[in-house]
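>
Protein chains in written order, with the UniProt record's numbering: chain A, 1 to 230; chain B, 1 to 230; chain C, 1 to 230; chain D, 1 to 230.
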């Protein structure tokens, strides 16, 4: 494909590995889920999950090393310009934040966007929020499950708490009480607030657009062709 | 009306049934209200309500079948392009989400929109939120009423909880405790967040528009033509 | 002033009374505050406050009658086109919602807006929110003060609850428990959500504008005159 | 630098001291942190912290006096046009609100903005929110620590409460109970709501921009020139 001709080797690498890396992060999340949720089953499964997580992490680290090498930059400058790459290497549970990058990389291979602009923002921000929320529920459940005075006792409680937190409803009937649980919660609040704010804002813009478009289309004896109004 | 001439049979069908279907969904909601709220009166009324709900549901199913046939598509593809039709068939309480479709269908028959763009978005999103909130209050009340440890004990509590949830205030003085109640709550949070976000955003835009319009109108002896100032 | 020449008698009436009516609604609010807050002092003050409230209400009713007469419309149609006038007649505590009307009326008498568009929206929406919040705190305090099981026991609690509600923080440490208290609360949530949403949205737009304007002003050797960039 | 030639002496003063004043306010905040948090260590440190705070405050007061003199205005008019200067003099903990001013002052010395418009708004509003939140946590912790019936018992609780408040989640598991604590809380809600609303709104706009930009860049063999599409 000749679109790629002007790209640097780093761009080509990113386009090639972005989708496999996304699958790897899904595998990482699944293995983490097994590791956390299967705490009362055979220890073998938990060890397999741990091994999978480590394997995926080595894949992420190798990708980071290749990017660093291909960029031709020294580590400090690379970290400054691509700090999100470094953050998601250290905290693979935050990899869903790379969904926008994944989207733009994938989109370059196609000719036409399949969805309306606002709908795409809703889908991608919503998907990131769901994946981050799932990772956050697992992490908080892991911290709180055995803490004294905890109110998040089951994974269902953790999911319920995550939903109330991401939507900023915040009932407070179940809340984290440990320092690490609260740290995860704060990260979740900030990421979720921004992502769901994007979902809400885009939905609002989309709705206004739908109503405004109908206004344009309505006049039946209008001179201009119907296709020109969109 | 010659506006319809270029339309497909499916479009014509939709324009003809959209308003009757909306009334049918109001009847469904009323019957559901009777079924849930009249739990201590004569059992006959509750059976009549159930029969009405089933009848309405058959009307919805028949409409879905006609749409599928008129579209000339196979079921899987039809489901993919018109998934909202399928969702509101399975969960008729979500039918208020079709209000936008209803609006655009009705609007095509008129010549002039009766309200300002932002006001229309506020009215329709607000109306959807009210209907969804009512359905959600009924569903949560039904789940929670007899649950052990429940705090939502009366229908008034359920309505109060819905209002605090949709506006994302979330006091937490009454909250659902059952798994199904919480599932309904999460659905309500997401729908309500988006709908009320649209109401808030449109109100904000409308207010800015009102203030900006006054600026334009004010200078009476101004030299420049009125149209140039926008 | 010749700006008024093209106006109808109703417009002239509105321009003349809008500001006095606003002062009257402030007097009404002050009298209501005395009536509610001074429940343990001499009964004479409370009677004076009640008399003041009734007097102000008669002023509002007289204004409504004049408007109806000047409009030349019958009552049902007048109610439909000017429902906000009727609502604020029945519930004078909602009169702060007319602030936008007051603003646009006052603005027509001046030549230049004194403040930036977004700043004006922030000021007027914020002022409306403060006045509505004060009225809501009084009304809820009046309902809850003597209710069994109430958590809003002092007026300070009511103000604290109003602030947490209008900002949608909603701690839930103090919440209304009576039916009327909760009804006021729901009205407050909706009005406050919209008004503070307008404040937040305008602040956000204003901040983006400030940052964008600096970008324009920065290039010092730019050809165009500095005044043209604003 | 000839950019400054057209500036008034007041502008030149502001450009010269804005950055040192920002460092001074950081020192003030650090000294306040030591004063509040080190309540169980040697009293000498707390005295040193107090002395530092007073010293910084004298610096702020001297700057205010110089501004007043350079403006050539009388005090009442100076207060009206530059009320934020007076507010941050009385409440130095609110100085982070001047970050926008600091930014625009610094920006005038450079030629190119280093970051995208929305990213800059996110960074500056986010930074203001963090500094204000830190100051608010200290102030509330100071008020609540020894109050009877308080739920904010440790500084960790105060930080957790600030995060839940600024994001409007508002669990209500820990809340201020004293009058001064609640006053600080209300100020924090309002400032934080506006600042985080700006962060959320800018993030939303930035995300939509990123998605829209990809649409433009994609069609490689498109006829129209690339510059015309923006």
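Even for Gly, the Cβ is constructed at its ideal location relative to N, Cα and C.
At a CB-CB cut-off below 9 Å, which residues of chain G make contact with residue 208(B)?
In the displayed structure, chain G is absent; the protein chains listed are A, B, C and D.
> Are the beta-carbon atoms belonging to residue 138(C) and residue 67(C) less than 8 Å from one another?
No. Outside cutoff.
> The alpha helix (DSSP H) with residue 135(B) in it runs from where to where?
Looking at the DSSP string, the run of the alpha helix (DSSP H) that includes residue 135(B) is 117-144.
> Since residue 143(B) and residue 186(B) are thought to touch, with beta carbons under 8 Å apart, how far apart are those beta carbons, to the nearest angstrom?
Not quite, the Cβ-Cβ distance comes to about 13 Å (not below 8 Å), so this is no contact.
> Is the CB-CB distance between residue 165(C) and residue 189(C) below 8 Å?
Taking 8 Å as the Cβ cut-off, residue 165(C) and residue 189(C) qualify as a contacting pair.
> Would residue 23(A) be called buried (16 or more neighbouring beta carbons within 10 Å of its own) or exposed?
Classification of residue 23(A): exposed, given that the 10 Å Cβ count is below 16.
> CA-CA distance, residue 90(C) and residue 84(C)?
Going from the Cα of residue 90(C) to the Cα of residue 84(C) covers about 10 Å.
> Let me know if residue 2(B) comes out buried or exposed under the rule of 16 or more other beta-carbons within 10 Å of its beta-carbon.
With a pLDDT of only 41 at residue 2(B), under the threshold of 50, the placement of this residue in the model should not be trusted, and no figure is reported.
> With 8 Å as the threshold, decide whether the Cβ of residue 128(D) is near any Cβ in chain A.
No, no contact with chain A.
> If we cut at 8 Å on Cβ distances, does residue 152(C) have a partner in chain B?
Not one chain B Cβ lies under 8 Å of residue 152(C).
> Is it the case that the Cβ atoms of residue 141(B) and residue 172(C) are separated by a distance below 8 Å?
In this structure, residue 172(C) does not lie closer than 8 Å to residue 141(B) by Cβ.
> Report the option in 58(C), 36(C), 40(C) whose CA atom is closest to the CA atom of residue 49(C).
Answer by Cα proximity: 36(C).
> Quick one: give me the first and last residue of the alpha helix (DSSP H) that residue 52(C) is part of.
Counting along the chain, the alpha helix (DSSP H) containing residue 52(C) begins and ends at 43-71.
> Between the alpha carbons of residue 7(C) and residue 192(D), how many angstroms are there, rounded?
Their Cα atoms are separated by approximately 44 Å.
> Report the rounded CA-to-CA distance for residue 226(A) versus residue 88(A), giving the unit in angstroms.
Unreliable positioning characterises residue 226(A) in this predicted model, as indicated by a pLDDT of 37, which lies under 50. The coordinate reading is nonetheless provided below. Their backbone Cα atoms lie some 47 Å apart in a straight line.
> Name the residue from 213(A), 92(A), 211(A) whose alpha carbon lies nearest to the alpha carbon of residue 58(A).
That would be 92(A), whose Cα lies nearest to the Cα of residue 58(A).
> Please work out which residues of its chain come closer than 8 Å, Cβ to Cβ, to residue 161(B), disregarding the five sequence neighbours upstream and downstream, and give them in chain order.
Closer than 8 Å at Cβ, skipping near neighbours: 137, 140, 152, 174, 175, 176.
> Whole angstroms is fine: what's the gap from residue 39(C)'s alpha carbon to residue 46(C)'s?
Taking the straight line from one Cα to the other gives about 8 Å.
> Does the distance from the C-beta atom of residue 200(D) to that of residue 197(A) stay below 8 Å?
Yes, these two residues count as a Cβ contact at 8 Å.
> Are residue 29(C) and residue 131(C) touching if we call contact CB-CB under 8 Å?
Contact flag set, yes.
> For chain D, find out if any of its Cβ atoms is closer than 8 Å to the Cβ of residue 239(B); answer yes or no.
The question about residue 239(B) has no answer, for chain B in this structure spans 1 to 230.
> At least one CB of chain A closer than 8 Å to the CB of residue 213(B): is that the case?
Output row for residue 213(B): interface = no.
> Would you say residue 186(C) faces chain D, with C-beta separation under 8 Å as the test?
Cβ-Cβ to chain D under 8 Å: no for residue 186(C).
> Report the rounded CA-to-CA distance for residue 232(D) versus residue 211(C), giving the unit in angstroms.
Only positions 1 to 230 of chain D appear in the structure, and residue 232(D) is not among them; the question remains open.
> Helix, strand or coil for residue 196(D)? Go by DSSP, reduced to three states.
Three-state DSSP puts residue 196(D) in a helix.
> For the alpha helix (DSSP H) holding residue 177(B), just list the boundary residues, first then last.
Neither: residue 177(B) is in no alpha helix (DSSP H) and is coded neither H nor E.
> From the DSSP output, in three-state form, read off residue 152(D) for me.
Of the three classes helix, strand and coil, the one that applies to residue 152(D) here is coil, per DSSP.
> Taking the alpha helix (DSSP H) that residue 84(B) falls in, what are its first and last residues?
Per DSSP, residue 84(B) belongs to the alpha helix (DSSP H) from 83-90.
> From the DSSP output, in three-state form, read off residue 74(A) for me.
Here residue 74(A) sits in coil by DSSP.
> When you compare the CB of residue 164(D) with every CB in chain A, is at least one pair closer than 8 Å?
True, the Cβ-Cβ gap to chain A drops below 8 Å.
> Excluding the 5 residues preceding and the 5 following residue 127(B) in the sequence, name in chain order all residues of the same chain whose CB lies nearer than 8 Å to its CB.
Only 96, 99 meet the Cβ criterion.
> At the 8 Å Cβ level, is residue 119(C) part of the contact set with chain B, yes or no?
Output row for residue 119(C): interface = no.
> Name the chain C residues that come within less than 9 Å of residue 201(B), Cβ to Cβ?
Those within 9 Å of residue 201(B) in chain C are 197, 201.
> What are the boundary residues of the alpha helix (DSSP H) that residue 38(C) is part of?
Premise fails: residue 38(C) is in no alpha helix (DSSP H) and is neither H nor E.
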